[in-house]
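What follows is a single structure, written as structure tokens, with notes after it.
Residue numbers (the working numbering), protein chains in the order written: chain Y, 90 to 413; chain H, 90 to 413.
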């Protein structure tokens, strides 16, 4: 049986020997820098896992899978400018290490290189794959725009939030699985199931991210636990709490999110306490389960031998149980 | 015989009914704004003129031609952020009217929409067109990076400058003509000639831009004459003058380009005077003629009835003689 680790090694080896471009260095070095920061690369892994269900020879899916990862990193390079983020994967972001202009232009050429990696797809599949990729890529931008719009609003509903993370995060996971299926030779019904599976798991994945930021084990999480609370980031947990809180609890929550100066640990503990009081943790965990289970159901419905589906299912379960 | 004006009308009509996307408005409105600023749209016009040489029915070239113009406007939206430009076509740039984040993200989605407009190309041609488009698009970014690198340098050579404008401006004009040929059914020899013609005319076009900025008729030019001199922009004229000036002329030129405060009209007149003394105008005009003539020669070599080539040749001659 194929091991995810084996596929990851293959991906790493291919990324390591990709130069992205030659001249001028100022344009391509930031790409090599960002791509070398050891991202988890689970999006291209999903593509390979998906392709390997339908085709033992999943080599043809490598370059398309890389396109997904390069596209994802392009969005990170540009989002980090927009979010004014100093760090990415524990290292300086490109706009911090160089400057915003470099991050804009290197990001642009990354998007072009992502398209270039899709050209290996069989000619008869190319048009439909690109059409789906274009749709997905535009949706990711739409999600980022909604996320920025939400910064100015305090009345974001749960439904609006789920739609935002669906666009910003999930559609690319859905397309990563769908793409593997298409390249592997799956039929339309199967690629649709793969997309739906990825879309649902992607929402679960982002909600898990929101949860870990508040309830993660500081030893395992990698990032500062409570970062979202400190910055008033409109996560699923905060949106739920704002909707549920009443009376004095609501007043306390509002007091913390409007406070200009505060002790960080105190704020994190206080807001986490409010979440506990309102049952937000449990509600978030239930939502995560619901979305992941819905994803698993789609994968189980796939008309393929269950031993071929096993590696993908196993990896998907790791995503639910992750602690970082 | 086909009239360029007729093709332009068709293009305008198609752009006017293109929404680019729906939701959220914050993402797509800046695209509609920039695309409505009445650019000259001569790049997509070149594509249609080129296609119409080989195919009386040039309808199939409209969406690919639009891709070229959308791509060009994407580069403007991002370049204007990098260059801190307040105005574009006499109106506020997107990052001025909205903000830099909006200009980054709307620009990103524009690039995706450019790719989307290429998908109408016949499936058997799609892969090779996209491969050439990717190469061209990356080269345009490389040219912009070189242009930014040159801002920090005073030793840019003529050859380096020509290579920079070839990448930043000419390759897209070359590809615009090549694309029309491909879609119109031209053979490889013809598409290669079209590319070379566009590449050479593109260099001539940019040099003409540099020249008009110094010697243009203020009544006709549209922009402030002398803007490049005021900002010490490293144009062909300044690079030539820096290379040619000696003794007291060199001292005077250096004095003007290092001066922190100055009367704008006085500086423009003084530097223009130095250019006159050094014969820079004549040298630039000769270069412009050389590149355009080289482009015309390629077009004349095209194996197509000369009445079919006439509209393109006629339009190319307008580009040489333009005064704005």
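Ideal placement from N, C-alpha and C gives every residue a C-beta, glycine not left out. Everything numeric in this text was worked out from a predicted model, so none of it was measured.
- In the structure shown, residue 227 (chain H) adopts helical secondary structure according to DSSP, grouped into three states.
- The DSSP-derived three-state label of residue 181 (chain H) is strand.
- Under the three-state reduction of DSSP, residue 176 (chain Y) is assigned to strand.
- Nearest neighbour of residue 286 (chain Y) by Cα position, chosen from Y:262, Y:302, Y:305, Y:92, turns out to be Y:262.
- Taking 8 Å as the cut-off, the Cβ atoms of residue 272 (chain Y) and residue 108 (chain Y) do not count as close.
- In the structure shown, residue 164 (chain Y) adopts helical secondary structure according to DSSP, grouped into three states.
- Taken in chain order, the complete alpha helix (DSSP H) segments of 4 residues or longer contained in the region 209–286 of chain Y are 212–240, 247–254, 260–273.
- Residue environment for residue 139 (chain Y): buried (at least 16 other C-beta atoms within 10 angstroms of its C-beta).
- Within the region 97–145 of chain H, the alpha helix (DSSP H) runs of at least 4 residues that lie entirely inside it are, in chain order, 114–124, 131–143.
- Distances from the CA of residue 187 (chain H) to each of H:123, H:94, H:356, H:307 were compared; the closest alpha carbon is that of H:123.
- Taking all protein chains in view, the Cβ of residue 307 (chain H) is surrounded by fewer than 16 other Cβ atoms within 10 Å, so the residue is classified as exposed.
- Below the 7 Å Cβ cutoff, chain H contributes 227, 230 as neighbours of residue 198 (chain Y), in chain order.
- Residue 394 (chain H) and residue 150 (chain H) have their alpha carbons spaced roughly 20 Å apart.
- Rounded to whole angstroms, residue 227 (chain H) and residue 198 (chain Y) show a C-alpha spacing of 6 Å.
- Each residue's CA atom was taken as its position, placing residue 406 (chain H) and residue 252 (chain Y) some 53 Å apart.
- In this structure, H:141 is the residue among H:363, H:141, H:104 with its C-alpha nearest to the C-alpha of residue 266 (chain H).
- Contacts with chain H at 8 Å (Cβ-Cβ) include residue 237 (chain Y).
- For residue 110 (chain Y), the nearest CB of chain H lies under 8 Å from its own CB, placing it at the interface with that chain.
- Sequence-distant partners of residue 358 (chain H) (beyond 5 residues in either direction) whose C-beta falls short of 7 Å from its own C-beta are missing from its chain.
- The Cβ atoms of residue 279 (chain Y) and residue 391 (chain Y) lie closer than 8 Å to each other.
- At a C-beta separation below 7 Å, residue 124 (chain H) has no neighbours in chain Y, since its nearest C-beta there lies roughly 16 Å away.
- When the beta-carbon positions are compared, residue 413 (chain Y) and residue 309 (chain Y) come within less than 8 Å of each other.
- The DSSP-derived three-state label of residue 334 (chain Y) is coil.
- Linking residue 387 (chain Y) to residue 275 (chain H) through their CA atoms gives a straight-line distance of about 48 Å.
- In this chain, the alpha helix (DSSP H) harbouring residue 373 (chain Y) covers 369–390.
- Pairing residue 106 (chain H) with residue 158 (chain H), the inter-Cα distance amounts to about 15 Å.
- Nearest C-alpha to residue 362 (chain Y) among Y:378, Y:377, Y:342: Y:342.
- In the displayed model, residue 348 (chain H) falls within coil according to three-state DSSP, outside both helix and strand.
- For the pair residue 204 (chain Y) and residue 353 (chain H), the Cα-to-Cα distance works out to about 46 Å.
- The C-beta distance from residue 291 (chain H) to residue 320 (chain H) rounds to 23 Å, too long to fall under 8 Å, and the pair is not in contact.
- For residue 92 (chain H), no alpha helix (DSSP H) segment is defined, and its DSSP state is neither H nor E.
- Secondary structure at residue 314 (chain H): coil, using DSSP grouped into helix, strand and coil.
- Here residue 194 (chain Y) is near residue 230 (chain H), since their CB atoms are less than 8 Å apart.
- Considering only Y:130, Y:111, Y:125, the residue with the shortest C-alpha distance to residue 93 (chain Y) is Y:130.
- When Cβ-Cβ separations below 8 Å define contact, residue 365 (chain H) makes no contact with chain Y.
- Listed by position along chain H, the residues whose Cβ is nearer than 8 Å to that of residue 162 (chain Y) form an empty set, because the closest Cβ is around 13 Å away.
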